[in-house]
Every structure is written in C-alpha cells, then in structure tokens.
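Keeping their order, the protein sequence lines are chains A and B. Counting in full-length UniProt numbering, the final residue of the first sequence is number 310, and the numbers go up one at a time with none missing. Counting in full-length UniProt numbering, the final residue of the second sequence is number 360, and the numbers go up one at a time with none missing. The structure appears right after this line, and notes come after that.
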Amino acid sequence: MATTTTPPQTQSTLSADEVAALAREKQSPKARVGMVASYVGMAVIVLYCILPFYWMIVSALRDPSQGRSTEFIPNPISVQNFTGVFAGQNNFGRSLINSLIVSGTTTILTLLFGIVAAYALARLTFKGKGAVLWLIMACSMFPIVVLIPPLLKMFSSTEPFQWFPRWIDTYQAVIIPGLSFGLPLAVWNLTAFFKQLPVELEQAAMVDGCTPGVAFRKVILPLAAPGVFTTAIIVFIGSWNEYLLALTFLQAQDRQTATVAISKFTGTTGFDTPYGTIMAAGVIVTVPLLVAVLLFQRRIVAGLTAGGVK
Amino acid sequence: MATATAEPRVTTVKEDGHKHKKNALSDGQGRLAYILLAPTLLVILVVAGIPVVMSIRESFFQTNNGVDPTTGMVAGGERFVGLGNFTSIFAGTNPVQGSFGTHDRFVNAFLNTTAITIVCVILETILGVAMALIMSKAFRGRGLVRAGILVPWAIPTIVSALMWKLIFDADGVMNRIIGSQILWTADTGASFWAVVIADTWKTAPFIGLLTLAGLQTIPAEVYEAAKVDGATVWQQFTRITLPLVKPTLVVAVLFRTLDTLRMFDLPAGMIGFGKYRTETVSVFSYLEATQTRYGPAAAYAIVLFVYVLLIAFLFVKVLGADVIGDTGMPKKKKGKKGSGNDGKAPDAAAPGLEMMGGAH
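Dropping the structure here:
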C-alpha cells in the first residue's frame, strides 16, 4: 500500500518498482501467508466473474446436434452456431447495424450536450447550480418504464395524439428517450474530468488574449479528450445494452436492435429454443464490448468510480 | 502501481479556486452558464420532464375499448377515471398466485420487486465489500482482476439473462453441478432465486470496484496507528474501514437499490412474461402498456416512481447519502461541510453505477 501513502511530489526519486520492492522486504512470514490467501481470493473472484461467460462461449461452440449438452468442453468444436446466427430469418446482421446507428447517435448527441453543460457546471459560478445538479441526478434515477405508456401512445399516434407522426420503428423513438439516461451520466463524468484540469490553464490563456470560448476549445477540450473518450465508451456500452425502449418502440424485424433480436430468436425446428444460436449471438454482441473494456479498463474503471484521469 | 483513482484527489486544493468570486472565469458568468446548460436542460425537459407529466395525466385515464354499453357503438378514445387506476389495485379484481400468497397482480409485482431488491442488494453489498477487501490486499494482478470484474458489467443484461436461462435450464449445467432437478426457470419459487443469483453475479463485482476505490482513499497510516495500538483485524475493519468507506458504499448501495427496483431485462429475458413469481412492477407496467391499457400501465409506473423517490429520499435523509456533492470521498469530508454544493466536484460514482443496467 506504499502507493497511497507516498505523496507524488516526494516520489520523484523512487520509481514505482523500487517502492514496491521496499514494501516487499518488510514482509513477515505471516504477511506472506496473507498474500497467498489474497491471491486465492482474487482467483475466486475472477472465476466467479468469468465462469458463466465461459459457459456462454462453450455453448456457442458446441455442435448444434448435441442440443443442451452439459459437457464442460465442446467436442467437436463447431462454429455452426455462429454461421447460424446470420441465417436469413434472424436478420442479425441488420440488427447489429441498427444497434450501431442507435448507440452511435445517442453517444454523439449525449457528448455534444454533455460537454458544454459539464463545462458550465465545472467552471462557472451561478445561482441554482445545486438545483441543476439535483435535476440531472433525478433524471438518472427515475424508472425508464415511466416513459413507456405516454410515449408508446404518442409514437403510435393513437388518440389523442393523431397529430404526432408515427414513430414506432424509427430510430429516433429509441434515441431521444435514451438520452434521458445517457445525458446525466455524461454530464456527471465530464464535470469531474473538467474539474481536474487546473483552472489556471484557462486563466493563462485568457491573459494571453483568448476569450473564454476560445480558451475552452483550444486549451481545455484537447486536454479533456481522454475524459471525453472514456465517457463516450461508457455511454456507448450503456446504450448498446439498452433493451426496454428498443423492445417497445422497435417492433419491425428490420429495425430491431441486437439485444431485442437475440431475445426473439426462434429455432428452425419449431418449439425448441435455439440456445446455441442465442449464445453465439450473445458472444458476437459482447465481444466488441469486452475488447474495448480490456483495452481501456483502467480508464473505464476510473470513469465509473471517480471520474478520474491521470 | 499508483492507482488512477487515488491520485486525482490531490487536486482537491485547486478546486478552491472557483469557490471564490474573484475568478476570471466565474465573475458574473451566470448568464453564460445558463446558455451552456440550456441544451441539456431542454433535452431533460423533453425526454424526461414532459413524459413524466404525461404519464401522471395518463394514470387518471383509461382507454375505451369494446362496445360502449350505453350507446351500443364501438367506443374509442379515452375517459377520465380519476384515481380509478390506483384504487383498482386494492379492489382485488385480478388476483394471482405469487411467492407471497394470492394478491392483486400489481401488489404481487410490488412485493416481488421489493423482495428481489432487498435480497439482491444485501447479497451484492456483502459480496462486493468482500471482493474489495481481497483486491485491496493484493499487490499484483489487480489489473487482471479488474478486467475480469468488468466482464459481467459489459455483458448486456438481456444477454446475461439468456445466458443464465441456459445455465438454469432443467437439464442445464447448474442442476448437473448441484445434482438436482430444480425447475429454475419455470414459474416456481426457485425462479425468484435464479433472478437473484443472476443479478448478484452481474453487479456484486461492480460494488466491489467502487468500494475498492473508496478503500484506496484511506491512508495506510491510519491502519499502522491502529496496529501500534493493538487493534485486531476485525476492529480495524469495523472501526476504520467501514466508517471511512461508508460514504462511498452508501451511494453505491443507493444506486443499486434504485436500479434493482426498476429491474426489467432480467426477469423478462430469463423467466419470461406473465410469470407471477418474478414479475416486477416494470415488467407488469410494460405488459399493460403494450396491451394498450395505458392508464393502468402509467398508474403502476407512477407508483414505482414515487417508491423510488421515497427510497432515494430515505437514503439521503437517514443514511446521509451524499449524492451530488462530495460523493463518498472521505478526504473531502474534512471541513467545508457547510459550503453547499457549489464548486464541488460531483463524483461520477453515482451515475457510473447507473450504467449497470439502464432499464435493467
């Protein structure tokens, strides 16, 4: 735990490895036992997290003829489920594109609105800031299902909303309500990022003749790029995983998002749930997210916990 | 090994800069602030404010269907029923058999929601704190564990619901491992626990991650001093760790609670619709809305909304969950307590948790 005790300023002469080495030397045999126990504990945690996902991969790689076999290793390994996912009736390729359109647009809109709002919240003093923060927080708290009855009625342009265009099976029917949970997150996250940038940066820029707007664009925004990127990933994953809105408003098969399409997969042979295909589709939907998570895990964890970047 | 979450705390001092009015950036810039905030506030008004008001209005109406008994014509439109949609909850016109005996379908859903929330949140908190304690003791391999912990988080809830549905299949691997023939995904008492297990799997690691961030802000000197004074490990845990990590934990638990109260994907995807043992208020309300019974659907959603608000209020008032200000960072608790929210960094922990499920 040497890292948390040593203030960064005094650390300059010691590298992180050296600090760790110093910390190790002091360990008693008892501490070593504790360390082994902690490794065992960590292994348990990792297994707990990974095993169900392992089962998903195994089931996806099983030959479809084996049904719901419970063998722990698929034999023979077959990719037939993965090709089956893209079979014509499932329309899965199309649903992946739909998911990309919906999540991409939601993420971009969220960032556009979120960045300016977060900057104001981080840097400017104004009356009612507390109220604004509470409003944004409350927005992220309320159950999405509250939106369903009025919006379903409105988007299907039934009485008394005949004046409203029919939005069922349109992307905006999911994107716009989706902002209600993406935006609070983005504002919150970005505010934390902007706060970590020293205010002196803009002050210096303004001394040099920049307006606050230019100082923001030329100085702050480039520095906050990692924060914006992290926020984008988190909002994108949240939007990609969204189910309730998409299930309600995107009913036509060629408009379904991937999450809805997976939940509606039907087997080729009547009543049997095609678990192999569903698991394969689940793996396809999840793997890009997992790659992003593994690549940017440090940032994502920081973004999710303290909104911090280095 | 320096952790990303511990370091930014050092900058806290600088935030003082904009608490003072004499700041090139904050001098009389209220109007600019509102211009910058306007788009976001407008979006919130359009995507949340107006629909909520519409939903409240909706809850006082019912859609006419079938034949109007007085005129013999096919009725259309809607009629005002006052509190009818709410009072019908207690009329007992739609009794169903759930885990808690026979109740009106909404009451049953409400009880399910409450029970699932209480059980899940308790399990997730205990497991999450245990995970955080283990991770905080390790010197190496934290990156690996962190990556592993993000796996349940990154899998879409609906996909994990289907995944658990396969695991809990009557002929599935869970029954094989425990050597039983439990019908987990049928409408039985076991389905309740299937949902609880799946939800705990997905979110306990995340509570662990947040708690770990809280743990890392506790200076090691505090523990060293306690050791010198002869405190046992258990004393250190209850007298140092828990009180200092409490602000982080309370906020994490609050958001997990709110998120679990509106659970939809998991019971819907795993057990299915119309299964009374696991039907939550969100699922029931959704079903009513898709059957064009907008009035009752809105009424149920509003009850859930009020319930969520009430729980949030209790957390903030009773447990002192600091949701928007110095969220759970023990360091900031020192001094400046009365300075209000202005100028304080909102902590991303809360909405971060939010993303665990979205409409989960």
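Every residue, glycine too, gets a C-beta built ideally from N, C-alpha and C.
Close-in-space but distant-in-sequence residues of the same chain around residue i (CB under 8 angstroms, 5 per side omitted)
i, result
"S263 (chain A)", "Y243 and L247"
"A226 (chain B)", "Q235, Q236, R239 and I240"
"P76 (chain A)", "D63"
"I101 (chain A)", "Y171"
6 angstroms Cβ shell around residue i - same chain, five flanking residues per side excluded
i, result
"A132 (chain B)", "G208, T211, L212 and L215"
"I148 (chain A)", "T248"
"M174 (chain B)", "I167 and F168"
"P243 (chain B)", "none"
"A194 (chain B)", "F168 and W184"
Top-ranked residue by Cα proximity to residue i, from the options
i, options, result
"L185 (chain A)", "A:T286, A:M279, A:A117 and A:A43", "A:A117"
"V253 (chain B)", "B:G92, B:F206, B:T87 and B:L32", "B:F206"
"residue 367 (chain B)", "B:A268, B:I218 and B:V159", "For residue 367 (chain B) there is no data in the structure shown, the boundaries of chain B being 1 and 360."
"K202 (chain B)", "B:T63, B:S180, B:T260 and B:A297", "B:T260"
"Q66 (chain A)", "A:I57, A:M56 and A:S78", "A:S78"
"V132 (chain A)", "B:A38, B:L83, B:V129 and B:K137", "B:A38"
"M206 (chain A)", "A:G178, A:P288 and A:A215", "A:A215"
"V301 (chain A)", "B:Q181, B:G84 and B:A154", "B:A154"
"A33 (chain B)", "A:T273, A:G130 and A:R123", "A:R123"
"R262 (chain B)", "B:T113, B:I50 and B:I182", "B:T113"
"G295 (chain B)", "A:G227, A:G93, A:A281 and A:L152", "A:L152"
"residue 314 (chain A)", "A:G303, A:V285 and A:L304", "The structure shown does not extend to residue 314 (chain A), since chain A is modelled only from 1 through 310, so no value can be given for it."
Own chain partners of residue i with C-beta closer than 7 angstroms, once the 5 adjacent residues on each side are dropped
i, result
"T277 (chain A)", "N81, G84, V85 and F265"
"I168 (chain A)", "F155, S156, F249 and Q251"
"E78 (chain B)", "F61, Q62, T63 and N64"
"A292 (chain A)", "I233"
"R68 (chain A)", "Y275"
9 angstroms Cβ cutoff, residue i in contact with chain A
i, result
"K337 (chain B)", "Only weak support exists for where K337 (chain B) lies, its pLDDT of 37 falling under 50; the coordinates are left without a value."
"G343 (chain B)", "Note that G343 (chain B) scores a pLDDT of 39, beneath 50, so its modelled location is shaky and nothing firm can be said."
"P39 (chain B)", "yes"
"Y276 (chain B)", "no"
"R105 (chain B)", "no"
"S180 (chain B)", "no"
"R239 (chain B)", "no"
"G352 (chain B)", "The predicted model places G352 (chain B) with a pLDDT of 43, which falls under 50 and marks its position as unreliable, so this point remains unresolved."
"E78 (chain B)", "yes"
"S160 (chain B)", "yes"
"A194 (chain B)", "no"
"A33 (chain B)", "yes"
"D322 (chain B)", "no"
Contact set between residue i and chain B, taken where Cβ atoms lie within less than 7 angstroms
i, result
"L289 (chain A)", "A154"
"V116 (chain A)", "L36 and P39"
9 angstroms Cβ cut-off: residues of chain A touching residue i
i, result
"W164 (chain B)", "P52"
"D187 (chain B)", "By Cβ distance, chain A contributes nothing, its closest Cβ being about 17 angstroms from D187 (chain B), past 9 angstroms."
8 angstroms Cβ cut-off: residues of chain A touching residue i
i, result
"T125 (chain B)", "Near T125 (chain B) there are no residues of chain A at all, since even the closest Cβ is about 16 angstroms away, more than 8 angstroms."
"G148 (chain B)", "I45, V46, C49 and I50"
"F305 (chain B)", "F142, P143 and V146"
"R262 (chain B)", "P143, I144 and V145"
Cβ of residue i within 9 angstroms of any chain B Cβ
i, result
"P149 (chain A)", "yes"
"Y171 (chain A)", "no"
"F126 (chain A)", "yes"
"F164 (chain A)", "no"
"S180 (chain A)", "yes"
"A232 (chain A)", "no"
"L223 (chain A)", "no"
"I136 (chain A)", "yes"
"S78 (chain A)", "no"
"P177 (chain A)", "yes"
"S95 (chain A)", "no"
Beta-carbon neighbours of residue i, restricted to chain B and to distances below 8 angstroms
i, result
"T70 (chain A)", "D171, G172, V173 and R176"
"W240 (chain A)", "P156"
"W55 (chain A)", "M163, L166, I167 and V173"
"V132 (chain A)", "L37 and L41"
Contacts of residue i in chain B (Cβ-Cβ under 9 angstroms)
i, result
"L152 (chain A)", "A289, T290, T292, Y294 and A297"
7 angstroms Cβ cut-off: residues of chain A touching residue i
i, result
"K227 (chain B)", "Residues of chain A passing the Cβ test: none, with the nearest at roughly 12 angstroms."
"W201 (chain B)", "P52"
"K137 (chain B)", "G34 and S38"
Where in the stretch 86-147 of chain A do unbroken runs of the alpha helix (DSSP H), each at least 4 residues long, occur, reported from the N-terminal end onward? Runs found: 92-123 and 129-141.
In chain order, which continuous runs of the beta strand (DSSP E) of length 3 or greater are located wholly inside the stretch 73-121 of chain B? 78-80, 95-98 and 101-104
Continuous alpha helix (DSSP H) assignments of at least 4 residues falling wholly in the stretch 233-267 of chain A: 244-249 and 258-263
Please go through the stretch 185-238 of chain B and give each complete beta strand (DSSP E) segment of 3 or more residues, from N-terminal end onward. none
Could you give the uninterrupted runs of the alpha helix (DSSP H) lying entirely in the stretch 164-200 of chain A, keeping only those of 4 residues or more? 172-196
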